[in-house]
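Engineer: In this text, residue positions in the sequence shown follow this note's numbering: the first is -1, and each later residue adds one.
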Amino acid sequence: MKLGCIADDFTGATDLANNLVRSGMRAVQTIGVPDGAPPADADAVVVALKSRTVPAADAVQQSLAALRWLREHGEQQIYFKYCSTFDSTPAGNIGPVTEALMDALGTDFTIATPAFPDNGRTVFKGHLFVGDVLLQESGMQHHPLTPMTDANLVRVLQAQCQRKVGLIDYRVIARGEAAIRERIATLRAQGVGIAIVDAVSNDDLLRLAPALRELPLLTAGSGVAIGLPANWGLKASDRAAQLPPAKGLRAMVSGSCSLATNRQVMHFIQSGRPALAIDPLRIAAGADVATEALAWAETRLSDEPLLIYSTAEASAVKAVQGRLGVDEAGAMVERTIAAIARGLVERGVGQLLVAGGETSGACVQALGITQLQIGTQIDPGVPWCHAASPGLHIALKSGNFGSDDFFTKAFGML
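Structural data, given as structure tokens:
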């Protein structure tokens, strides 16, 4: 194994594995820390955790367990993957997990950058942009669990860390490997332990990668991954993304309330395809919403996909949270959608798309999936995957990812 990866949610794990596969690495994603050894032919293993929004101490514990397993199986470099919108609170979890991994690996320096230009996430002078706007103007300021109100990543990360946080800016990146290495040496001499890295294009990420070759730990979104396989002499190959032939009925479930997913749900509905909204307040009132949704689906399942969703505007989400509490509202919806996903597969669905990071985690666990083979990309950051058990093609979409027509085009990619 060349690269051992720890991802803080399941969609983020497939996002990272997707970029590694596209760049020529044979990548396998595991759901949680495996019991046994990784496949012998895997260049990279991505251990997917559901640790993004748990208490920081729990996220640290889970991440260290993943690190121990990866080190036992001969990884050459560790990659801690988080969201391209740097989802975290002032208490963590990005900072605490990063510092715990640094301590365990005995390293005094690492980088941090959520840049993913293919999906419109760029970092300039330490500030994170989503498309053409700063992070706090992108809709992420309304995120129900990790509202992001500051685009200054040096400031955001410093609030979570004991180590000093610095910056490798775009002028250094533009000068290439030697300049980047020189800047890293200077920051180390100044006592900086973690450096935010600017990147406004894939070219920036490709210039960055060779300078990271000797670092024991990298922390980033998935963008940095596009340049890493070349550090081991690997080149892009379609063979790495081949999956078994798809079969079975088609369905989608969505629990994300991001602006992107709201647009995707609306596009699907306006196309005239079958869609059912589930009401969190009816779940809270004791209604068996999962059984009702599956009864609705039974008469509509076919080769054409249907959609069951709890996606809603930010104001509606806040109203539900006000009635039920933030944690309970989210967990309740996740449990219901996971039960629906399991029921759909039991009814013959062999191709399933899940939208939302927390929702994806709940659904994968409910389906008993322990390992995913990574296949063809639908949109940047979202590949189709295959789970040998239960024999299912599945796509796990981060809420913020995908074009407006994502739901209507995704199954055409299999």
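C-beta: ideal position from N, C-alpha, C; glycine also.
For residue 2, which three-state DSSP category applies?
Structural biologist: strand
Engineer: Taking Cβ positions, are residue 253 and residue 308 nearer each other than 8 Å?
Structural biologist: yes
Engineer: Provide the residue span of the alpha helix (DSSP H) that contains residue 61, from first to last.
Structural biologist: 54 to 70
Engineer: Near residue 371, what residues of its chain come up, given a Cβ to Cβ distance below 7 Å and the 5 sequence neighbours on each side ignored?
Structural biologist: 26, 241, 383 and 384
Engineer: Does the count of Cβ pairs from the segment 214 to 226 and the segment 76 to 88 closer than 8 Å reach three?
Structural biologist: Yes, the segment 214 to 226 is in contact with the segment 76 to 88.
Engineer: For the segment 126 to 146 against the segment 55 to 72, do three or more pairs of beta-carbon atoms, one drawn from each stretch, fall closer than 8 Å, so that the two count as touching?
Structural biologist: Using a C-beta cut-off of 8 Å, the segment 126 to 146 makes no contact with the segment 55 to 72, since fewer than three inter-stretch Cβ pairs fall below that distance.
Engineer: Should residue 116 be labelled buried (16 or more other beta-carbon atoms within 10 Å of its own) or exposed?
Structural biologist: buried
Engineer: Within the continuous beta strand (DSSP E) that includes residue 377, where are the two ends?
Structural biologist: Its beta strand (DSSP E) spans residues 369 to 377.
Engineer: Tell me which residue opens and which closes the beta strand (DSSP E) that residue 76 is part of.
Structural biologist: 75 to 79
Engineer: Between which two residues does the alpha helix (DSSP H) harbouring residue 183 extend?
Structural biologist: 175 to 187
Engineer: Just how far apart, CA to CA, sit residue 28 and residue 198?
Structural biologist: 31 Å
Engineer: At the level of alpha carbons, what is the spacing between residue 52 and residue 158?
Structural biologist: 15 Å
Engineer: Could you spell out the range, first to last residue, of the beta strand (DSSP E) harbouring residue 125?
Structural biologist: Following the DSSP letters along the chain, one finds residue 125 inside the beta strand (DSSP E) bounded by residues 125 to 128.
Engineer: At the level of alpha carbons, what is the spacing between residue 257 and residue 43?
Structural biologist: Cα to Cα, residue 257 sits roughly 31 Å from residue 43.
Engineer: Fully enclosed by the segment 315 to 361, which beta strand (DSSP E) runs are 3 residues long or longer?
Structural biologist: 347 to 353
Engineer: Determine the burial state of residue 336: buried for a count of at least 16 other Cβ atoms within 10 Å of its Cβ, exposed for fewer.
Structural biologist: Burial of residue 336 is indicated by the presence of at least 16 other C-beta atoms within 10 angstroms of its C-beta.
Engineer: From this set, 327, 344, 330 and 260, which residue's C-alpha is nearest residue 292's C-alpha?
Structural biologist: 344
Engineer: Please tell me whether residue 31 and residue 64 are closer than 8 Å, where the distance is taken between their beta carbons.
Structural biologist: yes
Engineer: Nearest-angstrom Cα distance between residue 289 and residue 124?
Structural biologist: Answer to the nearest angstrom: the Cα atoms are 48 Å apart.
Engineer: Please determine, among 279, 266, 36 and 111, the residue with the shortest C-alpha to C-alpha distance to residue 149.
Structural biologist: 111
Engineer: Take residue 239 and list the residues in its own chain whose beta-carbon comes closer than 6 Å to its own, dropping the five residues that flank it on each side.
Structural biologist: 19, 373 and 374
Engineer: Since residue 45 sits in a beta bridge, which residues does DSSP pair it with?
Structural biologist: 4 and 28
Engineer: If we count the other Cβ atoms within 10 Å of its Cβ and call it buried at 16 or more, is residue 397 buried or exposed?
Structural biologist: buried
Engineer: Could you check what DSSP says for residue 153 in three-state terms: helix, strand or coil?
Structural biologist: helix
Engineer: Is the segment 399 to 408 close to the segment 260 to 278, with three or more CB pairs under 8 Å?
Structural biologist: yes
Engineer: Residue 294 lies in the alpha helix (DSSP H); which residues open and close that run?
Structural biologist: 287 to 296
Engineer: Figure out for me which residue from 214, 389 and 305 has the closest Cα to the Cα of residue 369.
Structural biologist: 389
Engineer: Closer than 7 Å by C-beta to residue 245: which residues in its own chain qualify, once you throw out the five before and the five after it? Chain order, please.
Structural biologist: 348
Engineer: Is it right to say residue 188 is buried, meaning 16 or more other beta carbons lie within 10 angstroms of its own, or is it exposed?
Structural biologist: exposed
Engineer: What are the start and end residues of the alpha helix (DSSP H) that includes residue 258?
Structural biologist: 257 to 268
Engineer: Excluding the five sequence neighbours on either side, which residues of its own chain have a C-beta within less than 8 Å of the C-beta of residue 424, listed in chain order?
Structural biologist: In the structure displayed, the chain extends from -1 to 412; residue 424 sits before or after that span and is not available.
Engineer: What number of angstroms, rounded off, separates the C-alpha of residue 294 from the C-alpha of residue 135?
Structural biologist: 38 Å
Engineer: By a C-beta neighbour count over all protein chains shown, 10 Å radius and 16 as the cutoff for buried, is residue 356 buried or exposed?
Structural biologist: Buried.
Engineer: Along the chain, where does the alpha helix (DSSP H) containing residue 94 start, and where does it finish?
Structural biologist: Element bounds for residue 94: 92 to 103.
Engineer: Going by DSSP, what residues sit across from residue 307 in a beta bridge?
Structural biologist: 252 and 275
Engineer: Which first and last residues belong to the beta strand (DSSP E) in which residue 120 is found?
Structural biologist: 119 to 122
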